[in-house]
Structure formats: structure tokens, C-alpha cells
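The numbering used here numbers the first residue of the sequence shown as 32 and each following residue consecutively. Notes follow the structure.
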Amino acid sequence: MNEEEWIEHGGGRPGALSAADLAKFENLWDRRTTVLRFLTEPIVVKLDPSHPEYSRARQVVVTGPNDIVRVKELGKGAQGVVYLTHHKFTKLPIAVKVQTVRNAHDKEQLRAEFRLLSLLKHENIVTFYGAFYSEDEKLLTLLLEYMDSGCLSSAMSKLGALPEDVLSTVARHCLQGLEYLHSKEVVHRDIKPMNILLSKHRNVTTLTDFGMSLKKKPFSKEDPELGGTIEYMAPERLMDETYSYPSDIWSMGLVVSEAALGSHPVPNRSLYWDMCENRSIRGRCLEMLGAHEVSSELLEFAETCLEYEVTKRPTASQLLQHGFVQKHQDPKDSALRDWLLQLDVNLR
32 MNEEEWIEHG GGRPGALSAA DLAKFENLWD RRTTVLRFLT EPIVVKLDPS HPEYSRARQV
92 VVTGPNDIVR VKELGKGAQG VVYLTHHKFT KLPIAVKVQT VRNAHDKEQL RAEFRLLSLL
152 KHENIVTFYG AFYSEDEKLL TLLLEYMDSG CLSSAMSKLG ALPEDVLSTV ARHCLQGLEY
212 LHSKEVVHRD IKPMNILLSK HRNVTTLTDF GMSLKKKPFS KEDPELGGTI EYMAPERLMD
272 ETYSYPSDIW SMGLVVSEAA LGSHPVPNRS LYWDMCENRS IRGRCLEMLG AHEVSSELLE
332 FAETCLEYEV TKRPTASQLL QHGFVQKHQD PKDSALRDWL LQLDVNLR
């Protein structure tokens, strides 16, 4: 399958939201005539006692948009808008993801995402609070944990390449999240810096955006539900071969390489596709990492993740024991904390 065929089968290129769609998002909290059908009634946020917000939000009940107050827009994409809100009564910050439901396929895909999110409970997976659907506006709203330091992609645009001790911690957190997902028979399918969130408040990294994730194994080339981001996709996926959990490991290898370099080693989509076909992407990454004089542990970590032979690619559990991850183990994750504080200063 070539790039154009992939797009035809659902990969898609990012498109702009229409003015009408944007107006829907802007008016959601102001309208009183909207008919809401809750997908989890009521939405109850129950936090673990160890959670930083536990003392002021042991139980938050959301019965509709009127229970949350919009603070600001956090981001806008082809599918919808993400807002920072807070619960009107407890002031608990909540990230609200509002997406247009254009057809039955969109509706089922979004339902699959929140059904999956409702089953996932892990420190390194973004917390899902609930969802509701507006019938007349055709909007699905997901309520998610607010990660106050944004995504890894944004952080790199502010601070550049990550120091190795910080990158080691971020990699460990992501691998812990992947280890959990894979134990639940879930393949994320879209691991990339934009889907890795950071929190200064919790000093943690989480995986997010499960719209492309599927709970099935192994996946085959006949599977109609293609999706993900080409520039982080494993060769077996691009080549229409059977794939499973190792495809997430390949993506993790690219994320670590990008974070170490400060930019994607092959930012051009067509070139990335070609380099996966002729198996030159791995050599390109290792050459660039070597030129940046990264540690031997980091270089070997990237090399083992970017293994073309799927059966030779390590699992998330095995990578958690890798020297690059173990080298900077710190119970308090101090390096990450200090880096996030620096990021916070740059965001002001």
C-alpha cells in the first residue's frame, strides 16, 4: 500500500474545521436547548487518595455542560477542540475534548475510544472522567484529566532536545503505560510526541488519544480500521503486514530518537515511507544520534526499538529493564521535575 492508498483507506490528511463546526464548539456552553444524552450517567469522578486533587475532589458529579466552566482553549485540530475547564463546585481542572460526529462511523469510533478509556486505570494513562453526547449539535464531549504542562511535542518546541536523564524518565513512564496497555490486549497505534502528556503538578508523563487504539490481536492487512500517523508508523503497518504490540515499540523508538535530537529524524512523510520500504530509516536515526554524541545506552535503546524483524523487537516490559531506562532511575524523578519547572517558566 502506498501513501495515497493509505489516505483513501482512512489515514487522511489533517483538514481545517469549518466555521459552522467552530461555532458549535463556541456555543456549546451557552446553549440551553441542547438535548444531552449521557453516556455515563451521572459522570462521577472518584480519585485515589494518593491523587494530588483528592482532598478537594473526593467525588465530582457532572450532570452536563452547565456543571463545568470553560477557562480557555488549549488546542484545535482537524477533529475538534480541547478546552481547559473546571468543575463549578470543586474547581477541579478538567480537560474537555469536543469532537464533531459527522457520520455513524465517527460516532462508533468515538464511542470505542471512551469505552476503552473507561476500562483503563493506570498512572501513565490519562484519566477518563466521562462523556456526553449532544444529539442536536452532533458533538461528543470527553472529560479527561488536565495535564498542566501540555504535550511532549509542545515542550520540545519550547526547550528543544531533552536531556538524557529527563528523556530516560519520560521513556520509562511511557513504557509503563505501554506495558499496561499491552497487558490489556490494547495496541495504541498512534504513539507520538503529541500524544504524550506532561504534568508538573503530578511530575508524571501519560499516554493519551486512544481514538486509533484497538483491543484485538493480531491485526492484519485486511483490517479496515487503518489509522495513526505515518511518520511514526512501523514498517509492517505501512507494508500491509500483520502487526501487533511491537508496532508501538517501533513508534516509541522514533519518539525517543526525536526527543534526543530535538526534531524528527525524517520529518518528510513521503521520504519516511520510502525509507521504511528500503529499510534505511533505522540507519538514518542511529547515524544522527551518533552525530549528537548521545550515550551508548540511548543509542542501543533506539537501535533495539527500531528493529525491522518484528519478532526480534523487545516488549515494553523488557525495555523497562534496559540500561538507558535503568541508568537514571530516581524514586522522586527529580530530573523530570526540574525540567518541567523550567518548561513552566518558558510557557509564561
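Beta carbons are placed, not taken as given, at the ideal position from N, Cα and C, and that holds for glycine.
C-beta contact flag for residue i and residue j at 8 Å
i: A366; j: L320; result: no
i: L105; j: F145; result: no
i: L183; j: L371; result: no
i: F241; j: H219; result: yes
i: M306; j: T237; result: no
i: G108; j: V129; result: no
i: A202; j: V356; result: yes
i: R313; j: Y339; result: yes
i: D221; j: G181; result: no
i: D98; j: H117; result: no
i: Y160; j: L175; result: yes
i: N189; j: N377; result: At residue 189 the sequence reads Lys, which differs from the Asn that was named. For K189 and N377, yes; Cβs fall inside 8 Å.
i: T239; j: V132; result: no
i: N234; j: R368; result: yes
DSSP state of residue i mapped onto helix, strand, coil
i: E104; result: strand
i: A345; result: A quick correction: the sequence has Pro, not Ala, at residue 345. The answer is coil: DSSP assigns P345 none of H, G, I, E or B.
i: Y6; result: As displayed, the chain neither begins before 32 nor continues past 379, which places residue 6 out of reach and without an answer.
i: I261; result: helix
i: W60; result: Caution is warranted here: a pLDDT of 42 is assigned to W60, below 50, making its placement in the model unreliable, and no coordinate value can be reported.
i: Q130; result: strand
i: Y274; result: strand
i: L151; result: coil
i: T236; result: strand
i: L351; result: coil
i: I222; result: coil
Minimum Cβ-Cβ distance from residue i to chain C less than 8 Å
i: P194; result: No chain C is part of this structure, which consists of one protein chain only.
Presumed contact (8 Å Cβ cut-off) between residue i and residue j, rounded CB distance
i: L374; j: A186; result: 5 Å
i: C205; j: N134; result: No, C205 and N134 are not in contact; Cβ-Cβ is about 33 Å, not under 8 Å.
i: K358; j: S199; result: 6 Å
i: K223; j: Y263; result: 5 Å
i: G284; j: A322; result: Wrong, their Cβ atoms sit about 17 Å apart, outside the cutoff.
i: L337; j: W304; result: So it is not a contact: roughly 16 Å between Cβ atoms.
i: L147; j: V217; result: 7 Å
Boundaries of the beta strand (DSSP E) in which residue i is found, first to last residue
i: G111; result: G111 to H118
i: G161; result: F159 to S165
i: V197; result: Unbroken run through V197 is the alpha helix (DSSP H), E195 to S214; no beta strand (DSSP E).
i: S230; result: I227 to S230
Host alpha helix (DSSP H) of residue i (start-end)
i: Y398; result: The question about residue 398 has no answer here: the residues shown for the chain are numbered 32 through 379.
i: G314; result: I312 to A322
i: P381; result: Nothing in the structure corresponds to residue 381, since the chain is present only between 32 and 379.
i: L302; result: R300 to E308
i: K122; result: K122 -> no alpha helix (DSSP H), and no H or E assigned at all.
i: M243; result: M243 -> no alpha helix (DSSP H), and no H or E assigned at all.
i: S326; result: Segment: none, S326 is in no alpha helix (DSSP H) and carries neither H nor E.
i: A186; result: L183 to L190
Closer than 7 Å: residue i CB and nearest the ligand SAH heavy atom
i: M264; result: This structure does not include the ligand SAH; it has no bound ligands of any sort.
For this session: Determine, using beta-carbon pairs with one atom in the segment 160–177 and one in the segment 131–144, whether at least three such pairs fall under 8 Å.
Result: yes
Problem set entry | Cβ contact check for the segment 200–220 and the segment 112–132: 3 or more pairs under 8 Å | no
Problem set entry | contact_flag[the segment 296–306, the segment 324–337] where n(CB pairs < 8 Å) is 3 or more | no
Exercise. On the three-pair Cβ rule with 8 Å, is the segment 336–354 touching the segment 271–284?
Worked result: yes
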